[in-house]
Every structure is written in structure tokens, then in C-alpha cells.
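Data block below; observations after.
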Amino acid sequence: MIDIIPLQDFTPVRPFTGLVVNINSVTAAHKDGGDLGGCFVISLGSYEGRELCLYQPRLAVETRNGDILSFRSQDYFYFNLHYQGERCSIVIQTDRNGLSYLKDSNGWKGNPWVR
């Protein structure tokens, strides 16, 4: 999905561009309209509850430590339920705006500091 990023920097989640770490968080229902191609969610911790709910297919997915879930986060409203314990999730995704960067460096094409 990505071969270059600004300033020729390194991304630890290549070919994806984004890495989000959620620590002990509960989210309201939302879509990630800026995502391109969906996301991967890695669950970590010792907890009970906090199912990830996908509204349109009416799914509530119970995850455990080390589980990985993939879905098209730009297509479905999703949220997570309350929980007990300690929980972290790592989300790996690619931002749709990366296409603009590939096209013309977000309007900075030709600038010696942006390749």
C-alpha cells in the first residue's frame, strides 16, 4: 500500500502507514472514513468484556490477549463495550490521504526537502 512516506522515513508497519495504540479506552460508534483498505486490531491485556461491535453486520466480537481482527473500518460503524481489567489495542491502518502524497507529495512536489 505504501512505498514512500514523507522525508523518506521508516514505518514499522509497512506496507501500512498508521499505527495507533489505545490504552484502557472505550470508543463511541464511528467509521474511520479516512482509512484506505481497512485495519488490523491487535488485542493485548488481561480483561473481561470490551467486545468489538460492528453495527451493520450486527456482530459483537469477543477478543482475548493476542487476537488479531481485520475489518474495513471505513465501511462499518463500530465501537467497543465496557470492560474490567487492563486492555490495550494496537490498530494498524493506512490513511486515504497517502494517495495524495504519492501523486504529488501533497502539493510539495519539487521541494528539495520533500521527496
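The sequence shown finishes on residue 112 if you use the working numbering, and the numbering steps up by one all the way, no holes. Glycine residues also receive a C-beta, built at the ideal position from the N, C-alpha and C atoms.
Distance cut-off 7 Å: residue i Cβ against heavy atoms of the ligand GTP
| i | result |
| --- | --- |
| residue 108 | Ligands in the displayed structure: none, and consequently the ligand GTP is not present. |
Residue i in three-state terms, based on DSSP
| i | result |
| --- | --- |
| residue 33 | strand |
| residue 72 | coil |
| residue 104 | helix |
| residue 95 | helix |
| residue -1 | Note that residue -1 scores 49 on pLDDT, short of 50, meaning its location in the model is unreliable; the coordinates nonetheless yield the value given after this. Correct three-state label for residue -1: coil. |
Endpoints, beta strand (DSSP E) assigned at residue i
| i | result |
| --- | --- |
| residue 90 | 80 to 92 |
| residue 57 | 56 to 58 |
| residue 18 | 15 to 20 |
Bridge partner(s) assigned by DSSP for residue i
| i | result |
| --- | --- |
| residue 45 | 81 |
| residue 51 | 56 and 75 |
| residue 38 | 66 and 88 |
Beta-carbon gap between residue i and residue j smaller than 8 Å
| i | j | result |
| --- | --- | --- |
| residue 71 | residue 28 | yes |
| residue 44 | residue 80 | yes |
| residue 31 | residue 92 | yes |
| residue 42 | residue 19 | no |
| residue 35 | residue 67 | yes |
| residue 49 | residue 77 | yes |
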